[in-house]
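Visitor:
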């Protein structure tokens with residue numbers, strides 16, 4: 004029997020690599036003679052760099068960059084053997100690195116993301132993948148392009164301060180100093196959302212509240228991003244306002260498309276290609292996947308949904324071992340033959356041993372699946 008283990012991270016508890024190891028441990032207890040392959044996954048959010056490095060090789064690099072609130076942070080990025088750079092915007096501008104009482108999407112910046120792109124250029128990378136999940140920012144990628152040499156000017160010709168709110172005063176964009184090396188680089192934005200830049204489904208209204216924006220602030224930031232779109236169209240000739248995925252990561256999708264020529268793609272599809280998930284599923288008897296919480300959001304381009312779809316393409320049955328179940332889990336897990344949650348509440352409540360609890364759940368799940376064959 005051949006088993007493919009392909010989970011994402013269990014947020015705040017286990018990395019994708021740790022989760023894969025724990026699931027494999029449980030599977031071995033249920034099927035001691037099985038051939039087991041571990042393939043950590045991600046969808047562009049936190050964990051993407053390590054998942055790709057773990058599955059396909061390469062090296063982790065670190066850089067000191069500007070954090071979302073203008074302080075210095077240490078950020079990881081990955082360099083693959085073929086010269087591709089893998090960057091998580093969350094490593095430089097993520098919500099998890101900002102204490103809750105300091106979150107302010109009006110001034111939060113993606114400047115550090117631009118510094119990571121520059122680090123990849125300095126390393127000679129010809130292709131850059133930027134994971135777009137988990138942002139603390141709402142600046143449309145303005146900080147990123149400022150770090151790469153773009154000048155954003157108000158009506159008197161003064162440079163704008165960093166942060167999304169300042170874009171309300173944007174009058175013109177000067178790209179004459181944009182890093183010329185970008186012309187020879189292919190850039191991909193990896194995201195699990197298709198939100199437009201502005202409006203009721205845009206970055207500010209939908210995701211602003213989790214970053215600290217109340218209703219009035221979200222409206223202010225939405226108007227600022229609308230101004231960003233107008234001036235981008237005016238000075239660059241690029242229409243980002245209705246671009247699907249432009250609202251990803253606080254509008255970073257728009258900035259990447261307009262200034263870096265980035266192609267916005269499904270995060271799980273990008274990771275699946277890099278780690279060769281389809282090829283590695285060929286001939287497998289079953290796939291075991293999982294995440295911290297299986298719920299209605301899982302179906303919207305998230306890692307587990309993508310893994311289930313790819314397994315179905317390959318006619319490989321699937322098992323899900325989530326940390327817990329939330330509203331809508333039945334539809335999200337409809338392609339799985341067995342769903343075995345770790346606990347009824349949260350994976351964090353597993354007596355201080357989440358890896359052990361996950362392994363035990365994987366053993367239960369595989370035994371159930373084997374018994375039903």
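Numbering (the numbering used here), first residue to last: 4 to 376.
All C-beta atoms in this analysis are idealised placements derived from N, C-alpha and C, irrespective of residue type, glycine included.
What are the boundary residues of the alpha helix (DSSP H) that includes residue 306?
Guide: For the purposes of this step, residue 306 is taken as the residue at position 303 of the chain shown. Run containing residue 306: 306 to 316, per the alpha helix (DSSP H) assignment.
Visitor: Identify, in the order they occur along the chain, each residue of the same chain with its Cβ nearer than 6 Å to the Cβ of residue 110, setting aside the five sequence neighbours on each side.
Guide: Taking the first residue of the chain shown as position 1, residue 110 is located at position 107. 166.
Visitor: According to DSSP, simplified to helix, strand and coil, what is residue 337?
Guide: Counting from 1 along the chain shown, the entry for residue 337 is found at position 334. Three-state result, residue 337: coil.
Visitor: Can you name, in chain order, every residue of its own chain whose Cβ lies under 7 Å from the Cβ of residue 41, other than the five neighbours on each side?
Guide: Position 38 of the chain shown, counting from 1, holds the residue named residue 41. These residues qualify, in order along the chain: 8, 23, 24, 27.
Visitor: May I have a chain-ordered list of the alpha helix (DSSP H) segments no shorter than 4 residues that lie completely inside the region 10 to 96?
Guide: 19 to 33, 51 to 59, 92 to 96, all fully within the region 10 to 96.
Visitor: So, at 6 Å on beta carbons, what are the nonlocal neighbours of residue 250 in its own chain, with the 5 sequence-adjacent residues on each side left out?
Guide: Residue numbering aside, residue 250 sits at position 247 when the chain shown is read from its first letter. Cβ within range, chain order: 198, 199, 200, 205, 206.
Visitor: Of the choices 270, 181, 224, whose alpha-carbon is the least far from that of residue 239?
Guide: Position 236 of the chain shown, counted from the start, is the residue given in the question as residue 239. The shortest C-alpha separation from residue 239 is found at 181.
Visitor: Would you kindly report the start and end of the unbroken beta strand (DSSP E) that includes residue 129?
Guide: As a first step, residue 129 is located in the chain shown; it is residue number 126 there, counting from the start. Segment: none, residue 129 is in no beta strand (DSSP E) and carries neither H nor E.
Visitor: Check whether the region 316 to 334 and the region 45 to 59 touch, using three or more Cβ-Cβ pairs below 8 Å as the test.
Guide: no
Visitor: Enumerate in chain order the residues of its own chain whose CB-to-CB distance from residue 321 is below 8 Å, with the five nearest sequence positions on each side excluded.
Guide: Taking the first residue of the chain shown as 1, we reach residue 321 at position 318. Same-chain partners within the cutoff: 289, 290, 291, 292, 310, 311, 314, 315, 338, 339, 340.
Visitor: Is the separation between the beta-carbon of residue 193 and that of residue 135 shorter than 8 Å?
Guide: Residue mapping note: residue 193 aligns to position 190 of the chain shown, counting from 1. Residue mapping note: residue 135 aligns to position 132 of the chain shown, counting from 1. Result yes, Cβ atoms of residue 193 and residue 135 sit closer than 8 Å.
Visitor: Along the chain, where does the beta strand (DSSP E) containing residue 266 start, and where does it finish?
Guide: Here the question's residue 266 lines up with position 263 in the chain shown. From DSSP, the beta strand (DSSP E) with residue 266 extends over 266 to 269.
Visitor: Applying the criterion that 16 or more other CB atoms from any shown protein chain within 10 Å of the CB defines a buried residue, is residue 4 buried or exposed?
Guide: Looking up residue 4 in the chain shown gives position 1. Burial call: exposed.
Visitor: Do you know offhand how far residue 308's Cα is from residue 301's?
Guide: As a working mapping, residue 308 is identified with position 305 in the chain shown. As a working mapping, residue 301 is identified with position 298 in the chain shown. Rounded to whole angstroms, residue 308 to residue 301 spans 6 Å at the Cα level.
Visitor: Which runs of the beta strand (DSSP E) fall wholly inside the region 120 to 156 and span at least 3 residues, in chain order?
Guide: 130 to 134, 154 to 156
Visitor: Quick check for students: name the residue ranges of the alpha helix (DSSP H) that lie wholly in the region 270 to 298, counting only runs of 4 or more.
Guide: 270 to 278, 280 to 284
Visitor: Could you check the C-alpha separation between residue 255 and residue 237 for me, to the nearest Å?
Guide: To locate residue 255, count along the chain shown from 1; it is residue 252. To locate residue 237, count along the chain shown from 1; it is residue 234. About 19 Å.
Visitor: Does the distance from the C-beta atom of residue 21 to that of residue 358 stay below 8 Å?
Guide: Taking the first residue of the chain shown as position 1, residue 21 is located at position 18. Taking the first residue of the chain shown as position 1, residue 358 is located at position 355. The answer is yes: Cβ separation under 8 Å.
Visitor: Would DSSP call residue 301 helix, strand or coil?
Guide: Here residue 301 is taken as the residue at index 298 of the chain shown, counted from 1. Note: residue 301 maps to helix in three-state DSSP.
Visitor: Could you give the DSSP three-state label for residue 189: helix, strand or coil?
Guide: Numbered from its first residue, the chain shown carries residue 189 at position 186. Shown here, residue 189 sits in a strand according to DSSP, grouped into three states.
Visitor: Grab the span of the beta strand (DSSP E) containing residue 5 for me, first residue to last.
Guide: Within the chain shown, residue 5 is the residue found at index 2, counting from 1. Segment 5 to 8, the beta strand (DSSP E) holding residue 5.
Visitor: Closer than 8 Å is the cut-off here; do at least three beta carbon pairs connect the region 112 to 119 with the region 132 to 149?
Guide: yes
Visitor: Given that a residue counts as buried once 16 or more other Cβ atoms are within 10 Å of its Cβ, and exposed if not, what is residue 67?
Guide: Within the chain shown, residue 67 is the residue found at index 64, counting from 1. Counting Cβ neighbours within 10 Å, residue 67 comes out exposed, since fewer than 16 surround it.
Visitor: Would you report the Cα separation of residue 18 and residue 12, rounded to the nearest angstrom?
Guide: For the purposes of this step, residue 18 is taken as residue 15 along the chain shown, with counting starting at 1. For the purposes of this step, residue 12 is taken as residue 9 along the chain shown, with counting starting at 1. Near 4 Å, if we compare the C-alpha coordinates of residue 12 and residue 18.
Visitor: Could you please give the first and the last residue of the uninterrupted beta strand (DSSP E) stretch that includes residue 177?
Guide: What you label residue 177 is simply residue 174 of the chain shown in a count that begins at 1. That run of the beta strand (DSSP E) goes 175 to 177.
Visitor: Specify, as a first and last residue, the run of the beta strand (DSSP E) that residue 321 falls within.
Guide: In the chain shown, the residue the question calls residue 321 occupies position 318. Taken as a continuous stretch (DSSP letters only), the beta strand (DSSP E) holding residue 321 covers 321 to 323.
Visitor: Less than 7 Å between C-beta atoms, sequence neighbours within five positions excluded: which residues of the same chain meet that for residue 306?
Guide: Taking the chain shown and counting its residues from 1, one reaches residue 306 at position 303. 11, 44, 45, 46, 271, 294, listed in sequence order.
Visitor: Below 6 Å CB to CB, which residues in the same chain sit around residue 328 once its five sequence neighbours on both sides are set aside?
Guide: Here residue 328 corresponds to residue number 325 of the chain shown, with the count starting at 1. If we look at residue 328 and ignore the five residues flanking it on each side, its Cβ neighbours are 297, 344.
Visitor: Contact defined as beta carbons within less than 8 Å: I believe residue 64 pairs with residue 82. What is the distance between those atoms, to the nearest angstrom?
Guide: Residue mapping note: residue 64 aligns to position 61 of the chain shown, counting from 1. Residue mapping note: residue 82 aligns to position 79 of the chain shown, counting from 1. The pair is a contact, with the Cβ atoms about 6 Å apart (cut-off 8 Å).
Visitor: To the nearest angstrom, how far is it from the Cα of residue 283 to the Cα of residue 208?
Guide: For this step, residue 283 is matched to residue 280 along the chain shown. For this step, residue 208 is matched to residue 205 along the chain shown. Taking the straight line from one Cα to the other gives about 40 Å.
Visitor: Helix or strand or just coil, what does DSSP make of residue 100?
Guide: Position 97 of the chain shown holds residue 100. Secondary structure at residue 100: helix, using DSSP grouped into helix, strand and coil.
Visitor: Locate the alpha helix (DSSP H) running through residue 366, then write down its first and last residues.
Guide: In the chain shown, residue 366 corresponds to position 363, counting from 1. 357 to 375 is the extent of the alpha helix (DSSP H) around residue 366.
Visitor: Grab me the residues of residue 107's own chain with a C-beta within less than 7 Å of its C-beta, minus the 5 sequence neighbours each way, in chain order.
Guide: Looking up residue 107 in the chain shown gives position 104. Correct list, in chain order: 215.
Visitor: Would you please state the rounded distance, in angstroms, between the beta carbons of residue 150 and residue 118? I believe it to be under 8 Å.
Guide: In the chain shown, counting from the first residue as 1, residue 150 sits at position 147. In the chain shown, counting from the first residue as 1, residue 118 sits at position 115. Rounded, the Cβ-Cβ distance is 5 Å, consistent with contact.
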